[in-house]
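One structure is given below, encoded as structure tokens.
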DNA sequence: CTGAAAGCGCTTACAG
DNA sequence: CTGAAAGCGCTTACAG
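Residue numbers (this note's numbering), protein chains in the order written: chain A, 32 to 358; chain L, 32 to 358.
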């Protein structure tokens, strides 16, 4: 074994070191793991929402990239490596279970929509360390489970977005929502209602249209919305949907922001390049990544459970897609 | 050992299978690797070019995301997992060497600019399987080395871009280049010159400005260019630089494409959302990813070398940032 | 304090 | 054909 015990004479240490250097010795990772050393790999599982509607398939959600980048950086800082996995079919879950059980990874981070899969439940029950980002359902808090949830402050974000529109003088504000079974969808609707209520604007059911978080969903929901209603502003539950919304508005002959104010949620990379640049609610992906990785790593190294629920704050970023109503 | 030998009675097999099922048995990955089984992990090393000029640091090159997505998908199809690593400081190379030598991974893919690092050379010399995408320098073909290079057809892409501009009637065509020490930069300049030569347009040295492949580089190079020259069209060596170019043109009071035609290279995600949507040369990232992964996997599994040099074709995608010169 | 032995959980080559 | 043993390269607990 090659450790740095403090009691070894310097000369010997130096000799050993030089031999190591010379032969390029590196301890065999699998041997160490097998002998009880925790391996330094965590899994990052990105649950992908594919959409073929636009012709080309979207193969990795737009917001995975900055989050992943944050996870990798933070993991590296902690001496960990990240195994990246894109989940896009149900059978992937059994592969994931396998790499937990076969000790390829010491823990994992899930991001994106989760179907409540049996394999995942088994992983949690078995005491593997897991963090969920943007989780759709609450985990039952089992004493043996070691998992944690990190979410953006969806309610507050939606509240801020809607309130911003209200302050601009809008009273007819529509909302294009995400997947109905996802927690963030529910929470964003909640924030939207809260701002309306506070301003004394009656909630109109017809002004809320179901979308899917993706561009095509934003497009179709907007088209559907304008068949019956004529809002002056729309709050989209994701920037991707807002992109589809801008497209729809254009086809409808509506100028953004002159005829229609649009605000999104996420602040993905393309948002600032849009025409007009999109006003939106920024999620701090690198903050979420840091929390996820650091919690996971400390849980792995102390072998202790964790069951906190982090809510990461969110902020409004003002660009050019919303206009003050002048009347 | 739990294998599927053909000679085991069905009944026994079934019994074993059910026990496995019941106890959720999964073979220990490290034990298998230690006992000689190839592990099923490949490394994906993304050499990051950071830029802080724009205020926020760019933490992962825009084109890594689609490439990585392709790598993960293709690897998964082959039963492999991918360990993703973002290289952003020199010391990272020694970590990379370590995970090759300690057998954490069975091979690796490098993408982005490579400094000719000693650790990398050592990895190659030691016979580890490695593929380089968009490699800047030629590998010496050592008999023991097992590495391959996958590049886009840079010469042809630049040729197509420049020729397209020429066909639109432009004769004063500038080129904003990438990092000077990178192969793709050299090749793109070559394609640019080739098209000019073919059309009988004299090459003007002042029309070629050095950039850095990033948005800020495109911006500053464009500003610099217009201090002395007044081209009617610019071919940027990357879409990111074209984004900076559109910005610069705007500040210079030049309308794109009316006053200035712009064409990029890469076809990154934001390009089609730009104002105007960017005409560019598309690199087929998923094709490059497939070639990389499949070559690597077959090299790992046959333990054979490979030293091909793939050139992946490239195509023009016409959008709205170029205009026919009407005079 | 130190050095030799046992053991981690597999695979593979080898006796029976 | 089958079952017991050796060995992969480490770490850790244990004799000396």
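The beta-carbon is built from N, C-alpha and C at its ideal position, and this holds for glycine as well.
Simplified DSSP assignment, three categories, for residue 310 of chain L: Taken through DSSP and simplified to helix, strand or coil, residue 310 of chain L comes out as strand.
Buried versus exposed, by CB contacts within 10 Å (16 or more), residue 198 of chain L: Classification of residue 198 of chain L: exposed, given that the 10 Å Cβ count is below 16.
Spatial neighbours of residue 302 of chain A in its chain, beta-carbon cut-off 6 Å, leaving aside the 5 residues before and after: Excluding positions up to five away in sequence, the list reads 270, 309, 311.
Residue 223 of chain L - containing alpha helix (DSSP H), residue span: Element bounds for residue 223 of chain L: 214-230.
Segment contact, 8 Å Cβ cut-off, at least three pairs: the region 186-202 of chain L with the region 218-232 of chain L: The region 186-202 of chain L vs the region 218-232 of chain L: in contact.
8 Å Cβ cut-off: residues of chain L touching residue 281 of chain A: Within chain L, no residue comes near residue 281 of chain A; the closest Cβ sits about 12 Å away, beyond 8 Å.
Neighbouring residues, chain A, relative to residue 59 of chain L (Cβ below 8 Å): The contacting residues are 65, 133, 134.
7 Å Cβ cutoff, residue 84 of chain A in contact with chain L: With a pLDDT of 42 at residue 84 of chain A, under the threshold of 50, the modelled position of this residue cannot be trusted; read the value that follows with caution. No, its Cβ sits nowhere closer than 7 Å to a Cβ of chain L.
Candidates L:355, L:316, L:336, of which the one nearest residue 344 of chain L by Cα: With distances taken between Cα atoms, residue 344 of chain L lies closest to L:316.
For residue 182 of chain L, the residue or residues it bridges with in DSSP: According to DSSP, which records beta bridges pairwise, residue 182 of chain L is partnered with L:342.
Residues of the region 279-313 of chain L with Cβ closer than 7 Å to any Cβ of chain A, in chain order: The residues in question are 300, 301, 304, 305, 306.
Alpha carbon of residue 154 of chain A to alpha carbon of residue 226 of chain A, nearest angstrom: Per the coordinates, the alpha-carbon of residue 154 of chain A lies some 39 Å from the alpha-carbon of residue 226 of chain A.
Min CB distance residue 388 of chain A to chain L below 7 Å: This structure leaves residue 388 of chain A out entirely; chain A is present only between 32 and 358.
For residue 57 of chain A, the nearest candidate out of L:222, L:131, L:179 (CA to CA): For residue 57 of chain A, the nearest C-alpha among the options comes from L:131.
Closer than 8 Å at the beta carbon, the chain A residues around residue 112 of chain L: Those within 8 Å of residue 112 of chain L in chain A are 114, 116, 130, 135.
Residue 158 of chain A versus residue 124 of chain A - alpha carbon distance: Whole-angstrom Cα-Cα distance: 17 Å.
Contact with chain A by residue 87 of chain L, beta-carbon distance below 7 Å: With a pLDDT of only 42 at residue 87 of chain L, under the threshold of 50, the placement of this residue in the model should not be trusted, and no figure is reported.
Three-way DSSP call (helix, strand, coil) for residue 305 of chain A in this model: Reduced to three states, the DSSP call for residue 305 of chain A is coil.
Nearest residue (CA-CA) to residue 121 of chain A, options A:348, A:78, A:161, A:230: Among A:348, A:78, A:161, A:230, the Cα nearest to that of residue 121 of chain A is on A:78.
Cβ-Cβ distance between residue 72 of chain L and residue 136 of chain L below 7 Å: Residue 136 of chain L is positioned such that its CB atom lies closer than 7 Å to that of residue 72 of chain L.
Boundaries (first-last residue) of the beta strand (DSSP E) holding residue 360 of chain L: With chain L represented from 32 up to 358, any question about residue 360 of chain L goes unanswered, as that position is not in the structure.
At least three beta-carbon pairs within less than 8 Å, the region 330-350 of chain A to the region 277-293 of chain A: Output reads no: the region 277-293 of chain A does not touch the region 330-350 of chain A.
Cutoff 7 Å: residue 62 of chain A Cβ touching any chain L Cβ: Closer than 7 Å: yes.
Cross-strand partners of residue 76 of chain L (DSSP beta bridge): Answer is L:116, L:141.
Through-space distance from residue 110 of chain L to residue 76 of chain A, alpha-carbon basis: Answer to the nearest angstrom: the Cα atoms are 16 Å apart.
Residue 274 of chain A: contacting residues in chain L (beta-carbon distance under 9 Å): Residues of chain L passing the Cβ test: 304.
C-alpha distance - residue 359 of chain A paired with residue 229 of chain A, whole-angstrom precision: Residue 359 of chain A lies beyond the stretch modelled for chain A, which goes from 32 to 358, so this question has no answer here.
Per-residue contacts from residue 72 of chain A into chain L (C-beta, under 9 Å): Using a Cβ-Cβ cut-off of 9 Å, residue 72 of chain A is close to 72, 114, 135 of chain L, given in chain order.
Cβ-based burial, residue 99 of chain L [other Cβ within 10 Å; buried from 16]: The residue in question, residue 99 of chain L, is buried, as its Cβ has 16 or more Cβ neighbours within 10 Å.
Same chain, Cβ closer than 8 Å to residue 256 of chain L, five either side skipped, listed in chain order: Excluding its 5 nearest sequence neighbours in each direction, residue 256 of chain L has C-beta neighbours in its own chain below 8 Å: 205, 207, 238, 240, 262, 265, listed in chain order.
Residue 339 of chain A beta carbon less than 7 Å from that of residue 134 of chain L: Contact flag unset, no.
Where the alpha helix (DSSP H) through residue 328 of chain L begins and ends: Counting along the chain, the alpha helix (DSSP H) containing residue 328 of chain L begins and ends at 316-333.
CB contact below 7 Å: residue 125 of chain A versus chain L: Under the Cβ distance rule, residue 125 of chain A does not count among the residues neighbouring chain L, no pair being separated by less than 7 Å.
Member of L:62, L:67, L:69 whose CA lies at the smallest distance from the CA of residue 68 of chain A: With distances taken between CA atoms, residue 68 of chain A lies nearest to L:62 out of L:62, L:67, L:69.
Cα-Cα separation, residue 288 of chain L to residue 150 of chain L: Their Cα atoms are separated by approximately 46 Å.
Closest by C-alpha distance to residue 297 of chain L, when choosing among L:178, L:236, L:165: For the residues L:178, L:236, L:165, the minimum Cα distance to residue 297 of chain L belongs to L:165.
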